[in-house]
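Trainee: This structure is in structure tokens; I'll ask about it shortly.
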């Protein structure tokens with residue numbers, strides 16, 4: 002662990018302030034701030050070949066936030082499973098104190114890397130369902146698993162409640178996580194059971210007569226760029242907050258909500274803890290991100306009003322679902 006100057010007592014306060022900003026989805030990185038450097042490097046590997054629904058982008062943002070908040074060093078590599086071992090070796094040579102691995106395609110390679118480097122702390126951020134790493138209970142590994150089924154459940158109910166045509170189209174076609182899609186359909190069905198409606202969910206708008214809600218997963222290029230084509234849709238996202246995506250400025254008036262996993266803030270939190278020698282790995286330090294524990298949030302910024310009472314309904318839906326794991 003690095004030597005931490007006395008004034009590092011502000012770490013926890015600064016961390017909480019930065020984390021609160023991240024949760025809003027609109028935090029700006031401080032500029033021209035005088036930051037005392039620390040002998041500590043946090044490193045991040047993301048899957049460059051995978052669809053990016055927000056986990057990687059959020060983690061990159063949070064690492065940059067940690068650099069300007071704590072004065073640490075960073076290293077970021079966009080890799081893929083075939084290059085994973087080489088990437089980790091690079092990080093170890095660079096003396097990374099904490100290595101964050103983002104992407105479910107890295108799952109089978111994480112445990113060997115963690116066991117081969119017991120002096121290095123690891124954080125694995127995934128939307129996969131594999132439980133083997135949690136069962137391994139490795140002291141230098143914390144796992145942050147996003148429950149994408151629950152994310153889909155929330156997005157599906159919210160979208161169905163906002164639709165007047167009862168037709169939802171899902172972006173990215175075959176690239177959408179299957180568990181997310183299952184959750185989405187279950188959420189729409191839950192709404193239908195309450196409202197006595199019948200909602201259609203399809204990954205191709207051409208198969209629907211008049212879809213009016215577009216669920217954006219990770220393919221921003223599927224959002225219509227023509228205002229005339231765009232105006233028929235309300236947008237419900239997953240991952241990076243659609244409302245604050247600079248590439249989607251034209252679509253901002255159409256954004257209803259985004260279901261946002263708190264992967265980036267979890268990485269920021271892990272860095273802050275590691276700097277104070279308080280990193281916790283194993284099952285105790287691992288989390289499944291859910292709506293109930295704040296690991297999944299519904300974005301607060303939108304120009305379209307949410308259906309009346311919808312947030313309370315989502316809370317009840319999440320509680321009912323999460324009870325199945327207790």
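Residue numbers (the numbering used here): 2 to 327.
Here a beta-carbon is modelled for each residue, glycine too, at the ideal position from N, C-alpha and C.
1) Answer with buried or exposed for residue 269, where buried requires no fewer than 16 other C-beta atoms within 10 angstroms of its C-beta.
2) Going by Cα to Cα distance, which pick from 179, 113, 185, 302 is closest to residue 89?
3) Could you check the C-alpha separation between residue 153 and residue 181 for me, to the nearest Å?
4) Can you tell me whether DSSP reads residue 4 as helix, strand or coil?
5) Could you work out which residue in 80, 91, 123 is closest to residue 101 when comparing CA atoms only?
6) Name, in chain order, the residues that DSSP records as bridge partners for residue 242.
7) Assuming residue 315 is part of the beta strand (DSSP E), what are its boundary residues?
8) Tell me the rounded alpha-carbon separation between residue 248 and residue 301.
9) In three-state terms, what does DSSP make of residue 63?
10) Please go through the segment 81-107 and give each complete beta strand (DSSP E) segment of 3 or more residues, from N-terminal end onward.
11) Identify, in the order they occur along the chain, each residue of the same chain with its Cβ nearer than 6 Å to the Cβ of residue 29, setting aside the five sequence neighbours on each side.
12) Which of the three DSSP states, helix, strand or coil, is assigned to residue 115?
13) Judging by CA-CA distance, which residue of 303, 261, 308 is the nearest neighbour of residue 292?
14) Taking just the CA atoms, how far does residue 244 sit from residue 250?
15) Would the segment 44-63 and the segment 264-280 be scored as touching if the rule is three or more Cβ pairs under 8 Å?
16) With respect to the beta strand (DSSP E) encompassing residue 191, which residues constitute its N-terminal and C-terminal limits?
17) Would you tell me roughly how many angstroms separate the C-alpha atoms of residue 44 and residue 141, rounded to the nearest one?
18) Which of the three DSSP states, helix, strand or coil, is assigned to residue 162?
19) Is it buried or exposed for residue 272, if we count other Cβ within 10 angstroms and need 16 for buried?
20) For the structure I just gave you, are there three or more beta carbon pairs, one from the segment 161-175 and one from the segment 196-203, closer than 8 Å?
Mentor: Well, looking at it:
1) Here residue 269 refers to the residue found at position 268 of the chain shown. Burial call: buried.
2) For the purposes of this step, residue 89 is taken as the residue at position 88 of the chain shown. Selected option, being the one with the closest Cα: 113.
3) Translated into positions along the chain shown, residue 153 becomes position 152. Translated into positions along the chain shown, residue 181 becomes position 180. Answer to the nearest angstrom: the Cα atoms are 5 Å apart.
4) Counted from its first residue, the chain shown places residue 4 at position 3. Because the pLDDT of residue 4 is 39, which lies under 50, any placement of that residue in the model is unreliable, and the question is left without a value.
5) Position 100 of the chain shown, counted from the start, is the residue given in the question as residue 101. Measuring from the Cα of residue 101, the nearest candidate turns out to be 123.
6) Looking up residue 242 in the chain shown gives position 241. In DSSP, residue 242 forms no bridge with anything.
7) Sequence index remark: in the chain shown, residue 315 carries index 314 (1-based). Here residue 315 belongs to no beta strand (DSSP E); instead the alpha helix (DSSP H) covers 311-323.
8) Sequence index remark: in the chain shown, residue 248 carries index 247 (1-based). Sequence index remark: in the chain shown, residue 301 carries index 300 (1-based). Cα to Cα, the separation comes out at about 19 Å.
9) The sequence position of residue 63 within the chain shown is 62, counting from 1. Helix, per DSSP.
10) 99-103
11) Here residue 29 refers to the residue found at position 28 when the chain shown is read from its first residue. Any reading at residue 29 must be qualified, since the residue scores a pLDDT of 49, below 50, and its modelled position is unreliable; no value is offered.
12) Within the chain shown, the letter at position 114 stands for residue 115. Residue state, collapsed to three classes: helix.
13) Along the chain shown, read from residue 1 onward, the residue named residue 292 stands at position 291. Measuring C-alpha to C-alpha distances from residue 292 to each of 303, 261, 308 identifies 261 as the nearest.
14) For this step, residue 250 is matched to residue 249 along the chain shown. For this step, residue 244 is matched to residue 243 along the chain shown. So the two alpha carbons sit approximately 8 Å from each other.
15) Yes, since at least three Cβ pairs between the segment 44-63 and the segment 264-280 fall closer than 8 Å, the two stretches touch.
16) Against the chain shown, residue 191 aligns to sequence position 190. That residue, residue 191, is in no beta strand (DSSP E); its alpha helix (DSSP H) goes 179-196.
17) The count along the chain shown starts at 1 and reaches residue 44 at position 43. The count along the chain shown starts at 1 and reaches residue 141 at position 140. Rounded to whole angstroms, the gap between the alpha carbons of residue 44 and residue 141 is 15 Å.
18) Against the chain shown, residue 162 aligns to sequence position 161. Residue state, collapsed to three classes: helix.
19) Locating residue 272 in the chain shown gives position 271, counting from the first residue. Buried: at least 16 other Cβ atoms inside 10 Å.
20) yes
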